[in-house]
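*Asks:* For the sequence shown, the numbering used here begins at 103 and goes up steadily by one.
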Amino acid sequence: MTLSALRLSLASTLVPLLSACPNPADDPVETTLGEHPSESTSSDIDMVESSSEGRAESSSDGSSDSGGPVPTECPEPSAGPTMHPGNNVETDEVWTADGSPHLVPYDFTIHARVVIEPCARVQLGESLTLTVADGGELVAEGEAALPIVFERLGDERWTAIRLYGGTASFAHAIIDGGGRTGNTETDLTGALLVRGRAGVTAPDGTLAVSHVEIRGAQSPGVRLDGFGGFTADSDALTVTGGDSHPISAAATVVGTIPVGSYSGNGDDRIVLTTASNEVISTDATMRDHGLPYLVGLPGQIGDLRVQAASGLATLTIEPGVELQFTRESVFHIHHGGGDLPATGALVAIGTQDAPILLTSAEDEPMAGDWLGLSFGGGTLAASTRIDYTTVEYAGGASPSGSNSCPYPELPINDAAVRILGVPPGAFITNTSLLASAGHGIDRGWRDDLVVEMLASNDYDVLGCRQTVSRMEDGSCPEPVPCD
């Protein structure tokens with residue numbers, strides 16, 4: 103029997119047997135890279151067929167049915183496949199291109215530095231999670247014509263490449279066929295699942311990407327959890343062909359999402375989750391990626407907050423950004439009261455040609471779908487400014503009141519924008535407040551300072567364009583005017 107025939111025979115026999123075997127974690131087999139590999143010919147490696155769910159089909163020219171041709175100058179491997187059973191990696195390793203494909207059938211944890219060479223292929227088993235844990239570093243940096251490919255080992259999706267205390271760097275890489283959700287909430291996992299390292303209290307850049315394409319995930323292509331985020335130099339990320347959203351991120355790390363292409367998925371919106379520990383607590387910029395942000399998990403109430411633990415956190419929203427809020431959601435800038443300075447600021451400055459849009463996420467939006475913007479008590483940050491922005495379908499029923507003067511039969515002055523603290527002048531300009539179920543702007547502070555908010559703004563609201571703030575002594579005019 104020739105060597106090529108022997109490799110083909112071993113591969114066709116061993117891989118199905120391993121897929122049917124239990125995870126060997128309880129009875130580990132001591133192997134190192136290149137030891138006891140099952141082998142196949144390079145043509146057998148290249149002709150990995152696709153499943154009906156969209157596994158990338160590759161051929162000798164590197165083409166893929168889920169993402170188009172992959173230009174490659176990769177030589178044919180001669181020493182693979184290389185089997186990596188369910189052992190943890192405790193010492194540094196190099197996964198060579200010549201040893202491809204690298205077969206990882208079971209859950210796998212990395213506690214050391216693993217370098218994957220350009221041109222290498224890594225095939226991940228059904229429901230597998232590859233974890234980069236404390237002390238672990240995954241470096242998968244290909245080149246433009248020498249890409250690295252992560253793909254399915256069989257017909258079923260793998261679950262995630264998870265950063266759980268470790269770091270990863272991907273460049274010129276294709277990540278295909280992952281994101282199996284199982285019983286997990288779809289938008290709380292991802293083909294790349296990134297969690298911040300223990301003890302961090304600010305966005306933690308543990309994932310670096312450059313010219314990376316994530317294809318065909320059942321979950322979002324990327325999930326950023328806690329303080330886990332992208333590095334500042336990440337760029338050129340593509341997420342396409344997925345069943346769900348391209349990216350799901352804790353609002354805390356929204357500013358780390360890199361420039362990229364995020365269209366061609368089941369729902370082309372970036373999800374921002376807003377649990378109580380997912381506050382925007384440091385300066386962040388919300389970029390215009392050419393698709394909307396969805397605030398709150400689908401079917402749940404979102405509470406987007408900008409509030410530093412100490413000092414001031416500023417959220418800057420770029421021109422052209424669209425934020426969609428789920429029903430009854432709210433956008434808090436410094437959620438608090440008293441006379442202390444605000445710990446959150448909003449700089450939402452659009453342009454006439456590229457206004458910012460804050461709107462309802464409902465398929466058939468109506469006035470009052472969401473509550474609107476709420477600026478907390480105390481003294482608002484002097485840097486806060488809203489310009490060339492549209493706020494629509496807000497003014498929903500709020501659970502709390504303000505210091506504005508009441509109107510007959512209206513115990514709470516709900517509005518598209520509620521200002522509960524003393525503002526830094528007329529900071530809202532060239533802005534449209536449309537389809538509010540309440541007022542346009544609730545001037546809900548208590549101070550002798552009177553700030554007019556009518557000039558240059560457009561209003562189409564069910565209540566008053568602006569309410570009336572109380573004087574320092576709590577008095578109100580009689581009757582209370584409705585501008």
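For glycine and all other residues, C-beta sits at the position ideal for the given N, C-alpha and C.
1) Just list the beta strand (DSSP E) runs in the segment 321 to 389, keeping only unbroken ones of 3 residues or longer that don't cross its boundaries, in chain order.
2) Using a Cβ-Cβ cutoff of less than 8 Å, which residues in the same chain neighbour A338 once the five nearest sequence positions on both sides are dropped?
3) Nearest-angstrom Cα distance between L522 and G478?
4) What would DSSP say about L290, mapped onto helix, strand or coil?
5) With DSSP run on the structure shown, which of helix, strand or coil describes L522?
6) Have a look at G619 and P179 and give me their C-alpha separation to the nearest angstrom.
7) Using C-beta distances below 7 Å, list every residue in its chain close to P348, excluding the 5 sequence neighbours before and after it, in chain order.
8) Which value, in whole angstroms, describes the spacing of the CA atoms of L248 and V216?
9) Residues in its own chain within less than 6 Å of E253 by CB, not counting five upstream and five downstream?
10) Ordered along the chain, which non-local residues of its own chain (more than five positions away) have a Cβ less than 6 Å from that of G565?
11) Could you give the first and the last residue of the continuous beta strand (DSSP E) run that contains G536?
12) In its own chain, which residues sit with a C-beta less than 6 Å from the C-beta of R223, not counting the 5 before and 5 after it?
13) What does the alpha-carbon distance come out to for the pair T418 and L205?
14) Do you know offhand how far R297's Cα is from G330's?
15) According to DSSP, what are the bridge partners of I403?
16) Which whole-angstrom value is the C-beta distance of I234 and I212, which I expect to be below 8 Å?
17) Between H434 and the rest of its own chain, which residues show a CB-CB distance below 6 Å, the 5 nearest in sequence each way excluded?
18) Apart from the five residues on each side of it in sequence, which residues of its chain come closer than 6 Å, Cβ to Cβ, to T428?
19) Taking just the CA atoms, how far does P579 sit from T384?
20) Compare the Cα-Cα distances from A496 to each of I382, L460 and P513 and report the closest residue.
21) Grab the span of the beta strand (DSSP E) containing D562 for me, first residue to last.
*Replies:* Looking at the atomic coordinates:
1) 324 to 327, 330 to 332, 337 to 342, 349 to 352, 372 to 375 and 386 to 388
2) V311, S312, H313, V314, P360, V361 and G362
3) 5 Å
4) In this structure, L290 counts as helix in the three-state DSSP scheme.
5) Coil at L522, not helix or strand.
6) Absent from the structure is residue 619, since the part of the chain shown begins at 103 and ends at 585.
7) P322, G323, V341, Y364, N367, D370 and I372
8) When rounded, the distance between both Cα atoms is 18 Å.
9) A158, Q225, D278 and G279
10) G540 and H541
11) A small fix is needed here, since residue 536 is Leu in this sequence, not Gly. That run of the beta strand (DSSP E) goes S534 to S538.
12) S202, P203 and V251
13) 44 Å
14) 4 Å
15) Paired residues: none, contrary to the question.
16) Contrary to the premise, residue 234 reads as Val rather than Ile in this sequence. So it is a contact: roughly 5 Å between Cβ atoms.
17) R407 and S476
18) G398, G404 and A463
19) In a straight line, the C-alpha of T384 is about 40 Å away from that of P579.
20) Here the closest residue by C-alpha is L460.
21) D560 to V563
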